[in-house]
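There are 2 protein chains.
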Amino acid sequence: MSKTFEKLQPYLEKSMALQTARTLFEWDDQTTAPFEAAENTSKVVGILSDEYMKSLINDDVRKLLKKLQEEKEHKELTDTEKAIVKELAKTYEQLESIPPAEYRTFNELTSVSSRKWVKAKKDNNYEDFAPYLQKIIDFKKKFARYRVKGNKKPYEVLLGDFDECFMIEDLDIFFDKIKKEMIPLLKEVSKKAETIDKSYNYLNYDITKQKEFCKYLSGYLGFDFNKGVIAESAHPFTLQMHNHDVRITSHYYEDNLESAMFSIIHESGHAIYEMNIDDSITQTLVGGGASMGMHESQSRFYENIIGRSRDFWEPIYGKLIDTYPENLKNITLDHFIKGINKAAPNLIRTEADELSYCIHIIIRYEIEKMIFNDEITVDDLPKVWNQKYQEYMGITPSNDSDGVLQDTHWSWGEFGYFPSYAIGTAVASQIYACMKEKMPLEQYLREGNLMPIREFLRDSIHKYGATKNTNEILQDVCGEKFNADYYVNYLKEKYVALYEL
Amino acid sequence: MSKTFEKLQPYLEKSMALQTARTLFEWDDQTTAPFEAAENTSKVVGILSDEYMKSLINDDVRKLLKKLQEEKEHKELTDTEKAIVKELAKTYEQLESIPPAEYRTFNELTSVSSRKWVKAKKDNNYEDFAPYLQKIIDFKKKFARYRVKGNKKPYEVLLGDFDECFMIEDLDIFFDKIKKEMIPLLKEVSKKAETIDKSYNYLNYDITKQKEFCKYLSGYLGFDFNKGVIAESAHPFTLQMHNHDVRITSHYYEDNLESAMFSIIHESGHAIYEMNIDDSITQTLVGGGASMGMHESQSRFYENIIGRSRDFWEPIYGKLIDTYPENLKNITLDHFIKGINKAAPNLIRTEADELSYCIHIIIRYEIEKMIFNDEITVDDLPKVWNQKYQEYMGITPSNDSDGVLQDTHWSWGEFGYFPSYAIGTAVASQIYACMKEKMPLEQYLREGNLMPIREFLRDSIHKYGATKNTNEILQDVCGEKFNADYYVNYLKEKYVALYEL
């Protein structure tokens, strides 16, 4: 190991430990902590965030980083070490210009505000959440402005935190294509979809049984319960302490069969990614997924491309019927597949079909751009939200819980995250196209043999963690960079076949 | 605020945050983390422990502490600040002489070993746990030797960590009295107790219903679910993040009604103590209970003095019958009270009746003394354990899970803790005696009105946190220091009445 890199190790380890502690507090806050804990605990989180920042942003690390970036030293590094140095430089770009006191206050704020969001959503009361959202946005604008360089816009700084390969220009082209292709297709499909009876999905489904079936599903996909746990939270999410401790959550509704199942499949996709990251890089700066775009590609690959396919359900649909014979005994597999792929304009992103999903993302993307271009205020948000839904989906939320309050991301300060879902969705289609050329994927699914799929993803994507970015991975796996055409083609093919258009 | 004390604040806050993080990892390890997480996570815990140590043990804090201990500065402090300075000095005594690298390795070790203990207990395999126990004991001996001063014995250093008021001399006198008084009484009582039919306790008790009833019990005692949560773990315990986040666990057995109920009452006693600590001192060095002895006095007051009394059950026994009518409809309240107070020689500390309980503690105390006097080795432990049970209880464990492996404490490195249970038990009797003079305690219980009891304990004990020690509290509440006679009298009176001796 290079001597300079060796000197860096204790700093990296310390920051890893503090970051892992913050992660655990986040998990605990969402799944366990009592309601009144937030205020005292946010002090703790604030201090840990401050220490995290100081563990990396200091003169010693700055000098070591500079040295490691210089050509002579850089040549001596292994590929993994080079990737760690690159990641450290990114962290510097993210944190160095932010005054520590502001960073700490911001972290205290988001430690409280995610809880305020839960309550506001439950109470359908946007006004209770608005002051927190205002503070979060003010901070994010300030932080983005500290960091912005050259011609970049503040919003691009935030986008880059989730996927460095996609800036406003790339996203505008991508989303214009989606709008042009998908909105007309959604209209056409949803007219035909009206005839599909999906009432079976909204009967009474015992929650204990749902939990059991979801656990089974997760294990079937490859979630390793020796390295992970499933819990409940208001908003499903995945989080990793390291590659031997990956955690997912779901929420369960008694009157909706699909909701928890597809949440669990989605989160299991994230979890399998993290569990497959190589032991040699876990607990380092490159020990997580490549990008949020890449991460969402894995969750949405499992959720949609696999999870909503007939081949996937063929070997296991019988088990679902056996779990709920009273509700499902007369629902054929074909009927069920049409049901889980029923496309129609809708209000809730996490419950959306594949065809309308990206429209939800486009709406959020456009709103976030407006926020960071100072074109709208926090007070305008519910109105703008509803207008966009009317414009693109043709429907308007009847309340803010189903509207502007539906997602948790802003309460954590995660502006710029949403596009990752759309990027991931498109990346998943691209990977799917090249996987089909390399293996009898449908046959594996019909045989209930998911291991070759998991191994392919592990060996070509997961194990590398963040040592490569999204486009580098796509180039290596598929021989070309991001190309949204695969996505458009995938959806067209799927829906034309399903709805006999 | 004194300027010197003000300068100390950031160090105290940082150590509080790191300590709270360690607490959360402990909670998570016992209740949530997946099995294979331990190894990677122990690295994180090791680093956080190291940082915790460094946050307090450094030249800046050393100088500030010294200054605050000098007369002139000391006079300027408030009582709370004085208590914090005293507590900081104690922390210095505990940590200063231990080499940081050893402290970190020890914390990594206990982060893994508690998990090894769970497995060894489950598998009834002492040999799997012995190497870990050996390492833990080696560390504890070394640490104690670093700290020992004057004529003190190494074991006394450890005892002092849990209650500064009780050294070997005090405990020897206390335990000799117990042995002399209790062993003959236990023999007499257990002969009579044989006629009490307790078979109802070992019928089938649905675990979901047990959890519901335990939750009810906990709330009835005053556990505030806005400030606390209940979870499950192999060994019941209580732990606090701060006074607005206090957590307890229990374990549930389908074939034992009492076990979870009295665990929950016990842990609720600890929790109520922590929840009642004043807002002004939570998250400071004096923000926890006064001592482990004092803490156990509160848990055992609720568990035994209140929880096993007829008055306590009078208003709520009907609810228990309603929960399990098939098992309890023919069991009268008087029968139930005799059942929950059935005394007999037994093997499991946490399941023991009040009369035999302290004998369990004496056995552990004597063994710990032998360990730290280098009189026995780790290999001797199962044999010595079994011999002691035969000597004092007249019975021998048939396996190590019911013997030397039964308690979790040693796997955490907590040698010197056990006497706290006996101290607490005796302290509880002393407080009970003076409470009865000050309020119609039995009447409150019969009315199902626990608030005046809780308020008395809050105002005279809980709110002070660790600003007073055990004897100071007893002096203020009862007008005298620790006096074990109350305990002996309480047990004699109770059992003479119950068994008509």
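Here the protein sequences come in this chain order: A and B. The first sequence: position 298 = 298 (the working numbering), numbered continuously. All you need for the working numbering is the position in the second sequence, starting with 1, plus 501. Glycine included, C-beta positions come from ideal geometry on N, C-alpha and C.
Got a sec: is the Cβ-Cβ distance from A/His244 to anything in chain B below 8 angstroms? yes
On a CA-only basis, which of B/Ile669, B/Met517, B/Tyr996, B/Gln907 is nearest B/Lys839? Give me that one, please.
B/Tyr996
Item to complete: Please name the residue, chosen from A/Val246, A/Met16, A/Tyr499, A/Ile363, that lies closest to B/Ala538 on a Cα-to-Cα basis.
Response: A/Val246
- Task: Give the straight-line distance between the Cα atoms of B/Met776 and B/Gly788, rounded to the nearest whole angstrom.
- Result: 10 angstroms
Q.
Just to make sure I have the definition right: I need the residues of chain A whose C-beta is within less than 8 angstroms of the C-beta of B/Val562. Which are they?
A. Correct list: empty, because the minimum Cβ distance to chain A is about 16 angstroms.
My assumption, with CB atoms under 8 angstroms, is that A/Gln69 sits in contact with A/Arg147. Please give the rounded CB distance.
No, A/Gln69 and A/Arg147 are not in contact; Cβ-Cβ is about 19 angstroms, not under 8 angstroms.
Contact between the stretch 151–163 of chain A and the stretch 289–297 of chain A: three or more CB pairs below 8 angstroms? yes
- Query: Count the other CB atoms within 10 Å of the CB of B/Arg523; is the residue buried (16 or more) or exposed (fewer)?
  - Reply: buried
Closer than 8 angstroms, CB to CB, is A/Ile84 near chain B or not? no
* **Coil, strand or helix - A/Glu36 by DSSP** => helix
When we look at the beta-carbon of A/Leu457 and count the other beta-carbons within 10 Å, is it buried (16 or more) or exposed? buried
- Can you tell me the Cα-Cα spacing of B/Leu704 and B/His745, whole angstroms? 38 angstroms
**Request:** Check whether the stretch 634–647 of chain B touches the stretch 825–837 of chain B, counting contact only when three or more Cβ pairs, one atom from each stretch, lie closer than 8 angstroms.
**Result:** no
| said: Residues in the same chain with beta-carbon distance under 6 angstroms from B/His743, minus the five sequence neighbours each way, listed in chain order, please. | reply: Thr783, Gln784
* To do: Tell me where the alpha helix (DSSP H) around B/Ile765 begins and ends.
  => 758–776
As an exercise, report each continuous alpha helix (DSSP H) stretch of at least 4 residues that is fully enclosed by the stretch 165–253 of chain A, in chain order. 168–193, 207–221
Beta-carbon gap between B/Phe983 and B/Leu975 smaller than 8 angstroms = yes
Self-check item: Within-8 angstroms CB hit, B/Pro535 to chain A
Solution: yes
Can you pull out the residues from the stretch 720–734 of chain B whose beta carbon lies closer than 9 angstroms to at least one beta carbon of chain A?
Asp725, Phe726, Asn727, Lys728, Gly729, Val730, Ala732
> What did DSSP end up calling A/Pro440 once you bin it into helix, strand or coil?
Replying inline: coil
Discussion item. Using a Cβ-Cβ cutoff of less than 7 angstroms, which residues in the same chain neighbour B/Lys716 once the five nearest sequence positions on both sides are dropped?
Written reply: Ile731
Discussion item. Using 8 angstroms as the threshold, is the C-beta distance between B/Pro883 and B/Gly904 below it?
Written reply: yes
Tell whether a beta-carbon distance below 8 angstroms holds between B/His963 and B/Ile778.
-> yes
*Count the other CB atoms, across all protein chains shown, that sit within 10 Å of the CB of A/Gly448; report buried if there are 16 or more and exposed otherwise.*
exposed
Requested in this report: Evaluate the contact criterion for the stretch 252–262 of chain A versus the stretch 434–447 of chain A: three or more CB pairs, one atom per stretch, below 8 angstroms.
Outcome: no
Point to revise | C-alpha gap between A/Asp170 and A/Leu159, whole angstroms | key: 11 angstroms
- Range of the contiguous alpha helix (DSSP H) that encloses B/Glu609: 601–624
Taking only three categories from DSSP, how would you classify B/Gly808? coil
_Does B/Gly819 pass the burial test, meaning 16 or more other C-beta atoms within 10 Å, or should it be called exposed?_
exposed
With contact counted as at least three CB pairs below 8 angstroms, one residue from each stretch, are the stretch 504–513 of chain B and the stretch 540–551 of chain B in contact?
no
I'd like to know if B/Val545 contacts chain A, where contact means its C-beta is closer than 8 angstroms to some C-beta of that chain. yes
* Cβ-Cβ distance between A/Ile265 and A/Glu303 below 8 angstroms -> yes
| query | Less than 8 angstroms separating the beta-carbons of B/Leu740 and B/Trp528? | reply | yes
Option in A/Ala433, A/Leu347, A/Met167, A/Glu368 with minimal Cα separation from A/Leu133 = A/Glu368
Quiz item: Considering A/Phe372, what are the terminal residues of the alpha helix (DSSP H) in which it resides?
Solution: 354–372
* Below 8 angstroms between beta carbons: does that hold for A/Ser49 and A/Arg104? -> yes
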